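Reminder that position 4 of the sequence shown reads as 3 in numbering that gives the first Met the number 0, one-by-one numbering, no gaps.
We treat Cβ as the ideally placed atom computed from N, Cα and C, and that holds for glycine.
Quantities reported herein were computed from a predicted structural model and do not represent experimental measurements.
Before any comments, here is the structure.
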Amino acid sequence: MHPGSLTIPIRVFPVSDVGAAADDRGVTNAARRSLIPGRRATDWTAGPVGDGAGCRIIDLPRVTDPRGNLTFVEGKAEVPFDIKRVYYLYDVPGGESRGGHAHRGLQQLIVAAAGSFDVVVGDGTTTARFHLNRSYYGLYLPPFTWRELGNFSSGSVCLVLASQVYSEDDYFRDYDEFLSARHEAEVAGIAPLPATAR
Ligand code: TYD
0 MHPGSLTIPI
10 RVFPVSDVGA
20 AADDRGVTNA
30 ARRSLIPGRR
40 ATDWTAGPVG
50 DGAGCRIIDL
60 PRVTDPRGNL
70 TFVEGKAEVP
80 FDIKRVYYLY
90 DVPGGESRGG
100 HAHRGLQQLI
110 VAAAGSFDVV
120 VGDGTTTARF
130 HLNRSYYGLY
140 LPPFTWRELG
150 NFSSGSVCLV
160 LASQVYSEDD
170 YFRDYDEFLS
180 ARHEAEVAGI
190 APLPATAR
């Protein structure tokens, strides 16, 4: 973990409250969710709510059912990339943190499949903290994003959908190396991703 990245001022997004935001018709995400079992209530045109440091919350489809709710993710639909890999973090001991790196090309969607945890993201200039505690919210991370995960609740599961298979060559594990590469990518117009690609 880079010693400076968690100590700079951050914007906090209470993800559990994002459903309260209304669109231009005054309809909230919470109101879009049907209470009728099995009825898909997601408004597919609804924009994501909550962003920071180039990352944003994606409100995933939710099929409610008294037998248990269901959320699904399809590549190029709910997420703006083909899904090439899935991995998950679990059995994280209390007080431990994960991450502490960035990627050159990898795009990811992070979901609290169980429990809760914080994801602190940084684009080299701004930093934001997202508290993930619902299985139907995904945090989208574009390339060239430094991330650290911590504050895992007991029994939590961090599910990650990724745009590429694992490659150590895609990692920045040194924060200063990430900063200079991010700067070079911005000069070259590679980062941040254009809004249409997000
Ligand atoms: P890593 O992504 O470095 O996680 P963290 O930054 O939290 O330590 O992954 C930890 C180890 O797991 C690393 O040595 C590589 C291995 N790994 C894979 O083999 N495949 C994968 O898809 C991932 C994500 C990690």
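Q: Report yes if the C-beta distance between glycine 149 and serine 96 is below 8 Å; otherwise report no.
A: Going by C-beta atoms, glycine 149 is nearer than 8 Å to serine 96.
Q) Would the beta-carbon of leucine 105 fall within 8 Å of that of aspartate 169? A) yes
Q: Compare the C-alpha of glutamate 176 against each of Asp81, Ser162, Ile56, Asp122 and name the closest.
A: For the residues Asp81, Ser162, Ile56, Asp122, the minimum Cα distance to glutamate 176 belongs to Asp122.
Q) Is DSSP giving glutamate 147 helix, strand or coil here? A) In the three-state reduction of the DSSP assignment, glutamate 147 falls in the strand class.
Q. Which stretch, first to last residue, makes up the alpha helix (DSSP H) that contains alanine 184?
A. 174-186
Q | C-alpha distance - aspartate 16 paired with glutamate 147, whole-angstrom precision | A | With a pLDDT of only 38 at aspartate 16, under 50, the local geometry of the prediction cannot be trusted, and the value read off the model is given with reservation. Straight-line Cα distance between these residues: approximately 22 Å.
Q: Determine, using beta-carbon pairs with one atom in the stretch 150-169 and one in the stretch 74-93, whether at least three such pairs fall under 8 Å.
A: yes
Q. Do glycine 137 and leucine 59 come within 8 Å of each other at the CB atom, strictly closer than that value?
A. yes
Q: Count the other C-beta atoms from every protein chain shown that fall within 10 angstroms of the C-beta of aspartate 117, then say buried if there are 16 or more, exposed otherwise.
A: buried
Q: Determine the contact status of histidine 100 and arginine 172, defining contact as a CB-CB distance below 8 Å.
A: The Cβ atoms of histidine 100 and arginine 172 sit closer than 8 Å to each other.
Q: Have a look at Val62, Ile109, Gly114 and flag the residue whose alpha-carbon is nearest the alpha-carbon of threonine 144.
A: Ile109
Q) Just to check, is the beta-carbon of arginine 84 closer than 7 Å to a non-hydrogen atom of the ligand TYD? A) In this structure, the C-beta of arginine 84 approaches the ligand TYD to less than 7 Å from one of its heavy atoms.
Q) Across which residues does DSSP place valine 85 in a beta bridge pair? A) Leu160
Q | Per-residue DSSP class, three states only, for aspartate 169 | A | Note: aspartate 169 maps to helix in three-state DSSP.
Q. Do you know offhand how far histidine 182's Cα is from leucine 192's?
A. Answer to the nearest angstrom: the Cα atoms are 13 Å apart.
Q | CA nearest to the CA of arginine 128, picked from Glu77, Val120, Tyr135 | A | Val120
Q. Straight-line CA distance for proline 141 to valine 78?
A. 11 Å
Q. How is valine 120 classed by DSSP in three states: helix, strand or coil?
A. strand
(Q) Taking 8 Å as the threshold (C-beta atoms), are serine 152 and glycine 200 in contact? (A) Residue 200 is absent from the structure shown; the chain starts at 0 and stops at 197.
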